[in-house]
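Worksheet for the structure shown next.
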Amino acid sequence: MSRAKIEVIPISDADLFCVSFPGGRGQNGSPIIVFPEFSAFGEIQEREFHNVLTYLTNVPSLSAAGVGFILVIDRRQDRWAAVKGTLLRIAGSFPGNLQLVLVLRPTTLFQRTLSDILFKFNRDEFKMKVPVIMLSSVTELHSYIDQTQLTTELGGTQEYCHEQWISHRTVTNKYTGFALMVKRTAQILQSFGTELAETELPNDIQATANLLRSHTDKKDKMKEDLHVALGQGSRLLESINEPVVRDPDHNRNQGELENLSTVQRLLSQLDETERACDEFWGTHQAKLEQCLQLRHFEHNFREVKRLTAFSEVGINPAHADHIFCDLNSHEEVLDEAQALAREGDELIQSSHYAEDSIQPKCSELRAVSKELSSTLRARKDHLLRAMELHHNLERAAKWCGDGLYLLASQPVDKCQSHEGAESALQEMERYLDTAGQNKLTDPSSIYSDYKTVLNQDFRKVFQKQVSVQEMFEKRMVSLKKLAAKQTRPVQPVAPRPEAFIKSPLSSPGEPRHITCPYIPSLLTYHQHVMNELLETERGYVEELHCVLQGYASEMDNPAMASLMPAPLQNKKDVLFGNMPEIYTFHKRTFLRELEEYQGCPELVGRCFLLRMTDLQIYEKYCQNKPRSESLWRQCSDCTFFQECQKKLEHKLGLDSYLLKPVQRITKYQLLLKELLKYSKGCEGSEALQEALTSILGILKAVNDSMHLIAITGYDGHLGDLGRLLMQGSFSVWTEHKKGHAKVKDMARFKPMQRHLFLHEKALLFCKRREENGEGYEKAPSYSFKQSLSMSAVGITENAKGDNKKFEVWCNSREEVYIVQAPTTEVKTTWVNEIRKVLTTQLEAYRGRPGVIYPTSDRAAVAKKRFTLQGFSNFSKGSPTSPGHKTKRHEIKSDPTPFGFKGWTKGSLSLDANEENDGYSSTEEPLTSDPEDEGGKKLVSVYLCDDCHPLQAVL
1 MSRAKIEVIP ISDADLFCVS FPGGRGQNGS PIIVFPEFSA FGEIQEREFH
51 NVLTYLTNVP SLSAAGVGFI LVIDRRQDRW AAVKGTLLRI AGSFPGNLQL
101 VLVLRPTTLF QRTLSDILFK FNRDEFKMKV PVIMLSSVTE LHSYIDQTQL
151 TTELGGTQEY CHEQWISHRT VTNKYTGFAL MVKRTAQILQ SFGTELAETE
201 LPNDIQATAN LLRSHTDKKD KMKEDLHVAL GQGSRLLESI NEPVVRDPDH
251 NRNQGELENL STVQRLLSQL DETERACDEF WGTHQAKLEQ CLQLRHFEHN
301 FREVKRLTAF SEVGINPAHA DHIFCDLNSH EEVLDEAQAL AREGDELIQS
351 SHYAEDSIQP KCSELRAVSK ELSSTLRARK DHLLRAMELH HNLERAAKWC
401 GDGLYLLASQ PVDKCQSHEG AESALQEMER YLDTAGQNKL TDPSSIYSDY
451 KTVLNQDFRK VFQKQVSVQE MFEKRMVSLK KLAAKQTRPV QPVAPRPEAF
501 IKSPLSSPGE PRHITCPYIP SLLTYHQHVM NELLETERGY VEELHCVLQG
551 YASEMDNPAM ASLMPAPLQN KKDVLFGNMP EIYTFHKRTF LRELEEYQGC
601 PELVGRCFLL RMTDLQIYEK YCQNKPRSES LWRQCSDCTF FQECQKKLEH
651 KLGLDSYLLK PVQRITKYQL LLKELLKYSK GCEGSEALQE ALTSILGILK
701 AVNDSMHLIA ITGYDGHLGD LGRLLMQGSF SVWTEHKKGH AKVKDMARFK
751 PMQRHLFLHE KALLFCKRRE ENGEGYEKAP SYSFKQSLSM SAVGITENAK
801 GDNKKFEVWC NSREEVYIVQ APTTEVKTTW VNEIRKVLTT QLEAYRGRPG
851 VIYPTSDRAA VAKKRFTLQG FSNFSKGSPT SPGHKTKRHE IKSDPTPFGF
901 KGWTKGSLSL DANEENDGYS STEEPLTSDP EDEGGKKLVS VYLCDDCHPL
951 QAVL
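Quick note, the sequence shown lines up with residues 1 to 954 if you use the UniProt record's numbering.
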């Protein structure tokens, strides 16, 4: 058995002929190593000789090797030189402890005499720390070692066979491997036992079940390893006993007896370890199972307690129906409470370790179950009343809505005739006949019947019902007059004074005059749009709340941590962006302020204007959307999201709800347009128009910023270029002029496709590159190519006779960029915007202190910066001609929003313009961009006829 981890070196049978270990022992138990007659001893390499000695000294046990080895060197048939060489090699290479060295010297007279003489003179040369005794015969050897411990070659009685010894050593090596396996198995079992002893019991059902399953799997693996070790030990024991089985008279040597004893001892230890492991596991498993039972007991106990505090009435009929069905399904908890109390008693009787915690819960269960039955009946009655009220409110609200639609759908022109008025009057009377089964009754009676479940919806519906009733009465009075009117001669009448309506936001002494006539159908239409705005706003706030509570909060829940994949860890801010900030603003501020305008929808534009700065938080959310969608695609199939969706009972996944803020900010401009459509000339129309323009500005800023963050290759900071004014795709040609020579790029008839970004301080030329992938990964990127400072450029409106082209030039037209827009409207918008930038810069320069601009100089500057060709309608102090006047929100930088093109829920443009009056296209023009594979354009220019082309990078 080895005593240390040594290098394993293969040893052949031929190496063992020079030295042997027959297994004999000295009088004090010292192992005997024999160096037999071997003529080629001097030819053995030093490394091989050392390896053999190292192997043989590791064969005996630790205790035997500690006593020291006895070496018997047989050189009877050799010479003194061989004796000397053997002693020198042993002194330099023997790795173990020596006790005695016995040398059978040469037997010839000359060599024996020579050995005696030379040994005395060379004794110190051997450097032996133990006695070296020269023997003349084996008889003298027997006085030091008993004959039974020597082989027949040395006059002993011990039988030794080299092949048997090799076989025995093979078995011994297996024994060594078995001992190491037993040691490793014991260490693993000890480590597992320590882990079990130090494990803290979880506080929830799932974690406890997972822990029990994990420990059971580990225990099964330990048992498997243990059985493998036992099987190997049994086979090793059979190998050791095989010689005795084959020959009952076989006498084991000392090494075989030690190996047999050790294997038996190790097998006994393994058996004892298995029994101890089974016993400890049984206790630990019982404790975990009891813990799992306790967690089930506590969960059921909390469920029963929850029902006692159940008092919801629902926010609408569907919600109330759901609560009522849920309450019915929980009636069986009454029986479960009794069964749970009995289960607790059984746990206590089985000596559960948490008896002190179970006993008071059982007592409380019995007390609660007595009250639960009556409580459930009261809750059901409460819910039934709430459901009845909800259905009445819903029926009354529908009656009001249908009535408003009836009023709005009656054509005014047909009502001017006797027959038309009579028909409309009959239609209204028929509708009023249905009021008895749909309208709400007296409020006092309703209050007495439903006082325990009344909510704010009742007051709103009742007020709406009264308003509709009044509108019907007024309309019927007018229709009756028209139906009874006789033909009379035309008489001049005085002008009718303007009608006015008192605003809920005005003071009682200050009536608010309305410049548009009182038309009930328009008021009804406004109210419908306002109702849609409020209802969708409330739904939007509720959806954000569900997402933040059902998904975002669960990412911080320790119980759900095991279900979250690694890429999702600590990425809540990436996935949800600033959705909490959006929710807080809408919940606490915007929704409440919108509700204040419910009675005067035409004034709601003021609310939008007041909160326009706050609505800019959507820009941050949209800029984060590509990172959010990328993270969602990585983890969309994980168990965490599936569990959250299951708890929320959502039919759609989280990605649909992450799209809600983008959908909401685009919805506002549609609702404002609908209100503005029928508010021309009315009070509040200017605020509505201004609010619509501001919302469209926010959408444009969001859309432009999404394009801006995709620019790559620009060395500077884009923020230093000022505000982004416009952006879009164009076809671009370049011309360079030096002296009197005009030079053009090699691709004269193949324009470059460039995406232009107009900032306050610079005009950027970029190349649009489509990306492969899905969603935002498919969104384009922009490679920076060229930058022109706005302080050094000029423009020409018309170029080359094409009304869609204009020129941007610098350095006195030494560099000219001919830009072709998709449409003339786009071109006009860009020219006007560039002109504004240049005019602003000029006025700012004139306004500097100490700068005096003569009239001639101003004209010269204007001539340098503007080419007036095509600007016949543009002059200082005069507006742009109607043909070219285009509002910036009507023609956007790029109507295809960057990044939203590949959304799975359908393309959703952040551009507010519903009509396709933009200029971008999803199709690339059928023109080539003469660029090399590196993405850089080589422009060859000729300065003169005799010059070589000069290449520059654009």
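C-beta atoms are modelled at their ideal positions from N, C-alpha and C, and glycine is treated no differently.
From a predicted model like this one, the values you see are computed outputs, not experimental measurements.
Can a CB atom of chain B be found closer than 8 Å to the CB of residue i?
i, result
"T693", "Here chain B cannot be found, since the structure has a single protein chain."
Assign residue i to one of two classes, buried (16 or more other C-beta atoms within 10 Å of its C-beta) or exposed (fewer than that).
i, result
"E770", "exposed"
"residue 966", "With the chain covering only 1 through 954, there is no way to say anything about residue 966."
"K827", "buried"
"N570", "exposed"
"L257", "exposed"
"V101", "buried"
"G681", "exposed"
"L603", "buried"
"V263", "buried"
"V477", "exposed"
"G509", "Bear in mind that the predicted position of G509 carries a pLDDT of just 35, short of 50, making it too unreliable to give a figure here."
"H390", "buried"
"E797", "buried"
"I852", "In this prediction, I852 scores a pLDDT of 49, lower than 50, which makes its location untrustworthy; no coordinate-derived value is stated."
"D271", "exposed"
"S115", "buried"
"H526", "buried"
"H299", "exposed"
"L365", "buried"
With a threshold of 7 Å on Cβ separation, who are the neighbours of residue i within its own chain once the five nearest residues in sequence on each side are excluded?
i, result
"S20", "V34 and P36"
"R664", "Y540"
"L648", "C546 and G550"
"A552", "K572 and F576"
"F590", "R611"
"Q623", "S705, M706 and I709"
"N578", "I617, K620 and Y621"
"A821", "F730, K804, K827, W830 and Y919"
Which residues in the same chain have their Cβ closer than 6 Å to the Cβ of residue i, if we skip the five residues on either side of it in sequence?
i, result
"residue 986", "Because the chain in this structure spans residues 1 to 954, residue 986 falls outside the shown range and cannot be described."
"P243", "H250"
"C18", "F38, F41 and I44"
"R76", "L104 and T107"
"K5", "At K5, the pLDDT of 44 sits below 50, so the modelled position is not reliable; the number obtained from the coordinates is stated separately. Closer than 6 Å at the Cβ level, and outside the excluded window around K5, lies no residue."
Name the DSSP bridge partner or partners of residue i?
i, result
"E807", "T796 and I818"
"R754", "F730"
"Y782", "I711 and R768"
"S787", "L764"
"Q158", "T151"
"P31", "R25"
"L104", "D74 and L135"
"F69", "L98"
"L724", "H759"
Looking only at its own chain, which residues have a Cβ that is under 8 Å from the Cβ of residue i, when we skip the five neighbours before and after it?
i, result
"E619", "I698, A701, V702 and S705"
"A397", "V461 and K464"
"R488", "Any reading at R488 is ruled out, since the residue's pLDDT is 47, under 50, leaving its predicted position unreliable."
"N241", "L260"
Return the Cβ separation of residue i and residue j in integer angstroms, given the expectation that the two are a contact with Cβ distance under 8 Å.
i, j, result
"L724", "A762", "Not really, about 10 Å apart at Cβ, beyond 8 Å."
"residue 1013", "E543", "A query on residue 1013 cannot be resolved here, the shown segment of the chain reaching from 1 to 954 and no further."
"A792", "C766", "In fact, because the Cβ distance is near 19 Å, the residues do not count as touching under 8 Å."
"L696", "V529", "With 8 Å as the limit, L696 and V529 do not qualify as a contact, their Cβ atoms being about 18 Å apart."
Check whether the Cβ of residue i lies closer than 7 Å to any heavy atom of the ligand GTP, and answer yes or no.
i, result
"M222", "Of the ligands one can find in the structure shown there are none, so the ligand GTP has no counterpart to examine."
Exercise for the section: Count the CB pairs spanning the stretch 702 to 716 and the stretch 781 to 791 that are closer than 8 Å, and state whether there are at least three. Expected result: Between the stretch 702 to 716 and the stretch 781 to 791, the count of C-beta pairs closer than 8 Å reaches three or more; the two stretches touch.
Handout entry: Inter-stretch contact at 8 Å, needing at least 3 Cβ pairs: the stretch 687 to 704 / the stretch 584 to 596
Key = Not touching, per the Cβ criterion.
Problem - Three CB pairs or more closer than 8 Å across the stretch 524 to 539 and the stretch 623 to 641 - result: Verdict: no, contact absent.
Exercise for the section: Check whether the stretch 288 to 296 touches the stretch 348 to 355, taking contact to mean three or more Cβ pairs, one atom from each stretch, closer than 8 Å. Expected result: Touching, yes.
Handout entry: Cβ pair count under 8 Å reaching 3, the stretch 177 to 189 against the stretch 146 to 163
Key = Output reads no: the stretch 146 to 163 does not touch the stretch 177 to 189.
Handout entry: Cβ contact (3+ pairs, closer than 8 Å) linking the stretch 195 to 207 and the stretch 221 to 228
Key = With fewer than three CB-CB distances shorter than 8 Å, the stretch 195 to 207 does not count as touching the stretch 221 to 228.
Practice task
Tell me, please, whether the stretch 55 to 62 touches the stretch 188 to 198 by the rule of three or more beta-carbon pairs shorter than 8 Å.
Solution key: Between the stretch 55 to 62 and the stretch 188 to 198, the count of C-beta pairs closer than 8 Å stays below three; the two stretches do not touch.
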